[in-house]
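Those protein sequences? They're chains A and B, same order as listed. Under our numbering, the letters of the first sequence match residues 1099 to 1429, in that order. Under our numbering, the letters of the second sequence match residues 14 to 286, in that order. Below: the structure, in structure tokens.
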Amino acid sequence: MKVFCLPWNTWLEFLRDILKEYQLIAPLVRDGYADFGEITAANCDRIKYAGNTTTTPLKAFFFPIKENVIRNREKSKRVLLGVPNCDLAALELLDSIYLGGDFEDHFYKESRENTVIFGKDCDDIKDSCHCVSYGLNPYSEKNGDISMSYMEGCVYLSPMSAKGETFLAKFDLSPSEILEALPEQVVLNRDSIATQLNAQTKDVPDEKASRICIEKENHELWRKHASTCVSCGACSFICPTCHCFLLLDRKGFEKVKNWDACQLPGFSRVAAGEDPLAKLSERLKFRYLCKFSYKPDMFHALACTGCGRCIDACIGKINKNEVITQAFQQG
Amino acid sequence: MRELNIYRPIKAELIKVIDESPLIKTFVLVPEQEISFKTGQFIEVTVENVGEAPFTPSSSPLETKQLEVTVMKAGYVTEEMHKMVPGQYMGIRGPYGRGYPLEEFYGKEVLILGGGCGFAPIRSLLYNLKAISDRLRKVTLCYGSKTPEDCIYKPYISELRATPKFEVLRSVDKADASWQEKVGVVTLLLDDVKVDVGNSVAVVCGPPIMMKYGTFKLLDMGYPEDKIYLSMEKNMSCGFGKCGHCAMGHYFVCKDGPVFSYNEVKNSPNIWM
Chain A
1099 MKVFCLPWNT
1109 WLEFLRDILK
1119 EYQLIAPLVR
1129 DGYADFGEIT
1139 AANCDRIKYA
1149 GNTTTTPLKA
1159 FFFPIKENVI
1169 RNREKSKRVL
1179 LGVPNCDLAA
1189 LELLDSIYLG
1199 GDFEDHFYKE
1209 SRENTVIFGK
1219 DCDDIKDSCH
1229 CVSYGLNPYS
1239 EKNGDISMSY
1249 MEGCVYLSPM
1259 SAKGETFLAK
1269 FDLSPSEILE
1279 ALPEQVVLNR
1289 DSIATQLNAQ
1299 TKDVPDEKAS
1309 RICIEKENHE
1319 LWRKHASTCV
1329 SCGACSFICP
1339 TCHCFLLLDR
1349 KGFEKVKNWD
1359 ACQLPGFSRV
1369 AAGEDPLAKL
1379 SERLKFRYLC
1389 KFSYKPDMFH
1399 ALACTGCGRC
1409 IDACIGKINK
1419 NEVITQAFQQ
1429 G
Chain B
14 MRELNIYRPI
24 KAELIKVIDE
34 SPLIKTFVLV
44 PEQEISFKTG
54 QFIEVTVENV
64 GEAPFTPSSS
74 PLETKQLEVT
84 VMKAGYVTEE
94 MHKMVPGQYM
104 GIRGPYGRGY
114 PLEEFYGKEV
124 LILGGGCGFA
134 PIRSLLYNLK
144 AISDRLRKVT
154 LCYGSKTPED
164 CIYKPYISEL
174 RATPKFEVLR
184 SVDKADASWQ
194 EKVGVVTLLL
204 DDVKVDVGNS
214 VAVVCGPPIM
224 MKYGTFKLLD
234 MGYPEDKIYL
244 SMEKNMSCGF
254 GKCGHCAMGH
264 YFVCKDGPVF
274 SYNEVKNSPN
284 IWM
């Protein structure tokens, strides 16, 4: 492991160098919420490096809300800073879906290839954070290109992929030190956040236990929780692993790939009107089965990475962890 | 070279529209690039600026210069298709998915149960089976529709009846004075079929309710679960396992199907919708 230690001013210079060649995107705080925004020389001192999740999931950069998939678009080289591990872990599933099989989605592929991702260490947790429940840590280890930690006026960068290594080699980093491992204090900080998360989520079943209890017939449970669902689809749209879309048709045989969600009525309705997910409770159950049973089997990847966004976003106050915990307690 | 953009349809000229029944038309399309498919695979047909829907071609897979889709007016895309006239263009993507495993049919009797517009994929299969009929023992088609007026492919039925090794039984739910064949649900035809179940495979394609009771009856007749092939209907959007619309338990019907053996899907949720 190689860790580049960059004093703060050196780091800011590095950012300015990146800006000469790349579009730079990082979390900024707006109205109290951190969300990805475009960074310029004017606002690069306002980047929110740590914290926890952003409102927008990482997937939106590779799988935009609306994307014309017939017209060619400009290829822009991009750097994404400050990505939490729950979002990085979601790339395993998205990559398997969009790049796997006999048909490769070259729009997704190009975006992935043109983007360098810096993961971050979460230094703060929200009530809904639960990555540790599914064996993930609140800091980056893989699936991104460079891991970034911050401590006492220094930024520690460590490549996680060949692309990350090549990227760092392109720049004159002028590190004050190159270490063999992260400083002990960084590791202690990481562990401290993990410990807080473990304490917060001690009653949340892991992905295997979740699967077992969700797969059981339990109509009452789904009916009860679906009673406050308004089919808005927010849980799917802000989910870092939800990948569903609908192709919309435009003039000139153009097509627009548009986010879609299994929680919306009509998602699985066929022409003659039959709809296996016509009932709200069926749709809710389907979502959980998709996350913990179907997708893990089909793609051998986690389909819930514990980011907690669906819990934060639900206007019906459906708490995914409470649903699963109740299913688990009912045996 | 295959088109890099998996979302881009190939334009296809509509050269002929055949009225099959009051609600069903066959569209003969000539794509700007040849499309070859295996029987049972499906294509996505685009109506420009309206929408796209999945269809299994009803023409022979041996014909690559033009293809046919037989379409029942059932939703907004099919409604627009029914308004189209020769000279207009549709878009085609595909073929997608897994078709009928014809090599499994060699040396066997093939019993086909179809209903309504489910005859479309079956006609494509029948064209293919005729081409390999020296390797088959017998092909029996049991086809049901609501009324005699709803029976599609009438000239083709006569042609099939004159083909050695092929037998056709038909039923309608509600007959008129002209109807000389069976009256009742299509599964009743299975009572009249002489078939060596032990050396046979069955194919079922039609509306969900017919698929369900047809499959159960075939199981009662002694067909093993892995010798009954079902063509599943879901609302595939992308066609290649990315958009999620055709999820059926642990399968995406578009890429894992649309043809499944009953054995493969019997534990999947909502197979009969």
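Just so it is clear, CB atoms sit at the ideal spot from N, CA and C, and this is done for glycine as well. Bear in mind that the values here come from a model prediction, so they are computed numbers and not experimental data.
The criterion of a C-beta distance shorter than 9 Å is satisfied by Leu-1179 of chain A and Tyr-1147 of chain A. Note that the region 1236-1253 of chain A touches the region 1266-1283 of chain A; at least 3 beta-carbon pairs, one per stretch, sit closer than 8 Å. A distance of 9 Å or more separates the beta carbons of Tyr-1237 of chain A and Ser-1231 of chain A. Leu-1400 of chain A has no beta-bridge partner at all, per DSSP.
Beta-bridge pairing by DSSP links Asn-1150 of chain A to no other residue. Listed along chain A is no residue with a C-beta nearer than 9 Å to that of Asn-141 of chain B; the closest approach is about 22 Å.
As the crow flies, the alpha-carbon of Ile-1312 of chain A is around 14 Å from that of Ala-1324 of chain A. Rounded to whole angstroms, the gap between the alpha carbons of Leu-1189 of chain A and Val-206 of chain B is 54 Å. Among the residues facing chain A, Gly-53 of chain B is not included, as its CB has no counterpart in that chain under 9 Å away. Residue environment: Lys-96 of chain B is assigned as exposed (fewer than 16 neighbouring CB atoms within 10 Å of its CB, all protein chains considered). In the same chain as Tyr-119 of chain B, and ignoring 5 residues on each side of it, the C-beta atoms closer than 6 Å to its own belong to Arg-148, in chain order.
Listed along chain A are His-1204, each with a C-beta nearer than 8 Å to that of Leu-17 of chain B. Within chain B, the residues whose beta carbon sits less than 8 Å from that of Lys-1349 of chain A are Glu-61 and Asn-62, listed in sequence order. Residues of chain B with a Cβ closer than 8 Å to the Cβ of Leu-1345 of chain A are, in chain order, Tyr-20, Glu-65, Ser-250, Cys-251 and Cys-256. Boundaries cannot be given for Met-1099 of chain A, as no beta strand (DSSP E) includes it and DSSP labels it neither H nor E. Under the three-state reduction of DSSP output, Asp-1243 of chain A falls in the coil class, being neither helix nor strand.
Along the region 210-243 of chain B, the positions whose C-beta sits under 8 Å from a C-beta of chain A are Pro-220 and Pro-221, read in chain order. About 12 Å separates the Cβ atoms of Gly-227 of chain B and Gly-129 of chain B, ruling out a contact at the 8 Å cut-off.
If you keep only unbroken beta strand (DSSP E) runs of at least 3 residues inside the region 82-141 of chain B, you get 102-109 and 122-128. Per the coordinates, the alpha-carbon of His-1228 of chain A lies some 40 Å from the alpha-carbon of Tyr-275 of chain B. Per DSSP, the continuous beta strand (DSSP E) segment holding Asp-1347 of chain A begins and ends at 1343-1347.
In the DSSP assignment, Val-41 of chain B forms a beta bridge with B:Lys-29 and B:Glu-81. Residues of chain A with a Cβ closer than 8 Å to the Cβ of His-263 of chain B are, in chain order, Ser-1391, Tyr-1392, Asp-1395 and Met-1396.
The beta-carbon separation of Phe-1365 of chain A and His-258 of chain B, rounded to 7 Å, stays under the 8 Å limit for a contact. Interface with chain B (9 Å Cβ-Cβ cutoff): Gly-1199 of chain A is included. Close partners of Gly-104 of chain B in chain A (Cβ separation under 7 Å): Phe-1351. The three-state secondary structure of Leu-1191 of chain A, taken from DSSP, is helix. With distances taken between CA atoms, Glu-1172 of chain A lies nearest to A:Gln-1121 out of A:Asp-1225, A:Glu-1202, A:Thr-1326 and A:Gln-1121.
For Val-278 of chain B, no CB of chain A lies under 9 Å from its own CB, so it is not counted at the interface with that chain. For Thr-91 of chain B, the number of other beta carbons within 10 angstroms of its own is at least 16, and it is reported as buried. Residues of the same chain with a CB within less than 7 Å of the CB of Asn-1212 of chain A, apart from the 5 flanking positions on each side, are Lys-1173, Ser-1174, Lys-1175 and Arg-1176 in chain order. Taking C-beta atoms under 8 Å as the contact rule, Cys-164 of chain B and Arg-136 of chain B fail to qualify, at a distance of about 13 Å.
Look at the beta carbons and you see the region 1354-1361 of chain A touching the region 1375-1393 of chain A: at least three pairs across the two are nearer than 8 Å. The Cβ of Gly-128 of chain B sits no closer than 9 Å to any Cβ of chain A.
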